[in-house]
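Presented below is the structure to which this report refers.
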Amino acid sequence: MSLRMPVQLMAEIQRHAEQQYPEEGAGLILGSLDGEDRTARSVLPVSNTFEAKQRGRRYLIDPMAILQAEKEADRTGLSVLGVFHSHPDHPPTPSKFDLEWAVPWYIYLITAVRQGIAEQTRAWRLQEDHVEMIEEQLAIEPEAR
Amino acid sequence: MSSIRVPTALRGYTDGQIEVHTEAATVGGALQELAKRYPGLAPHLFGAEGQLRPYVNLFVNDQDVRALAGVHTPLAEGDQLMILPSVAGG
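So the sequences go chain by chain: A and B.
All residue numbers in the first sequence are consecutive under the working numbering, ending with 145.
All residue numbers in the second sequence are consecutive under the working numbering, ending with 1090.
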């Protein structure tokens, strides 16, 4: 499995992560499916609705935002491919809490933000047995002309 | 008869079905019926102890069942039960 991500969408994800710093920023990825391969077509930054005091290390997306994204995906013939969020001043690897709440099949992009500057983004997916998240290939593609 | 709307993330376990019809009388019954019909889906709805996974949100006609009667919420003719993943992490 791999996720192809146009460079301008990656820039949008990283910009959102920087804007939300020192809190975690999050959003949803919509795109198309071709067998095991997924291609991102748009990203939907959303509010982090976790309790305010803990937003530096936790995020929560309101189920109604998921519902709206699902309906938007149905309307446009796309799919909700997964989720992106940031780790302020922490590496872009899944935390125990990420694993505990991970939804199967979704791809999870995690962006490390150090001192307000977005650094590396890596892609992860929950294994079928829910025991761990494994890294997936993230292919950044040139901007479409 | 009512229907269950399956989110994108779980459609791989329902043969790609977006909507599945059910005759179950309650939300809990509908989930059990769904899990029985698609055994591959069951471990993603329920944990080892049979409890609902933390990311499973349930809505009947856009109303969160936690504000109704939870899994005991009745399903009437034409109702739509939506399974929506709760997305969280840290």
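The beta-carbon is built from N, C-alpha and C at its ideal position, and this holds for glycine as well.
All values derive from a computational prediction rather than experimental measurement.
Helix, strand or coil at residue i according to DSSP, with G and I counted as helix
i	result
A/E100	helix
A/V7	helix
B/Y1038	coil
B/G1028	helix
B/R1005	strand
A/H87	strand
A/S36	Inspection of the sequence shows that residue 36 of chain A is occupied by Glu rather than by Ser. Three-state DSSP puts A/E36 in coil, outside helix and strand.
B/A1067	helix
A/Q54	helix
A/Q120	strand
A/A139	strand
A/G31	strand
A/Y21	coil
B/G1012	helix
A/R15	helix
B/L1075	coil
Span separating the alpha-carbon of residue i from that of residue j
i	j	result
A/E24	B/M1001	42 Å
B/E1019	B/R1005	5 Å
B/Q1032	B/T1026	10 Å
A/R57	B/R1037	39 Å
B/E1055	B/L1010	The amino acid occupying residue 1055 of chain B in the given sequence is Tyr; Glu does not appear at that position. Taking the straight line from one Cα to the other gives about 12 Å.
A/L78	A/I117	31 Å
A/Q8	A/N48	22 Å
B/L1075	B/L1052	18 Å
A/E143	B/L1058	38 Å
A/L126	B/S1003	28 Å
A/G148	B/G1078	This structure leaves residue 148 of chain A out entirely; chain A is present only between 1 and 145.
A/Q14	A/T111	7 Å
B/N1061	A/Q115	44 Å
B/H1021	A/V113	45 Å
A/T39	A/K96	27 Å
B/T1073	B/G1016	26 Å
B/M1082	A/R55	28 Å
B/A1030	B/P1007	15 Å
A/Q20	A/D98	18 Å
Where the beta strand (DSSP E) containing residue i begins and where it ends
i	result
B/I1083	1080-1085
A/R93	Strictly speaking, residue 93 of chain A in this sequence is Thr, with Arg absent from that position. Looking at the DSSP string, A/T93 is not in any beta strand (DSSP E), and its letter there is neither H nor E.
B/E1019	1019-1022
A/Y108	107-114
B/N1057	1056-1060
Where the alpha helix (DSSP H) through residue i begins and ends
i	result
A/D129	Per DSSP, A/D129 belongs to no alpha helix (DSSP H) and is neither H nor E.
A/I66	63-76
Any non-hydrogen atom of the ligand MG closer than 7 Å to residue i Cβ
i	result
A/E72	What this structure holds is no ligand at all, so the ligand MG is not there to describe.
Using a Cβ-Cβ cut-off of less than 7 Å, give me the residues of the region 70-84 of chain A that come near chain B, in sequence order.
E70, A73, S79, V80, V83
Pair every Cβ in the region 21-39 of chain A with every Cβ in the region 83-97 of chain A, then say whether three or more of these pairs are closer than 8 Å.
yes
Output needed in chain order: residues of the region 1004-1036 of chain B with a Cβ under 9 Å from some Cβ in chain A.
R1005, P1007, T1008, A1009, L1010, R1011, G1012, Y1013, I1018
Does the count of Cβ pairs from the region 1033-1053 of chain B and the region 133-141 of chain A closer than 8 Å reach three?
no
Return the residues of the region 1075-1090 of chain B that lie within a Cβ-Cβ distance of less than 8 Å from chain A, sorted by chain order.
M1082, L1084, P1085, S1086, V1087, A1088, G1089, G1090
Compile a chain-ordered list of the residues in the region 1050-1062 of chain B whose CB is closer than 7 Å to at least one CB of chain A.
P1054, Y1055, N1057
The region 63-71 of chain A touching the region 88-107 of chain A, judged by at least three CB pairs closer than 8 Å:
no
Looking at chain B, which residues of the region 96-109 of chain A have a Cβ within less than 9 Å of any of its Cβ atoms?
K96, F97, D98, L99, E100, W101, A102, V103, P104, W105, Y106, Y108
Short of 8 Å Cβ to Cβ, which residues in the region 17-35 of chain A face chain B?
E24, A26, L28
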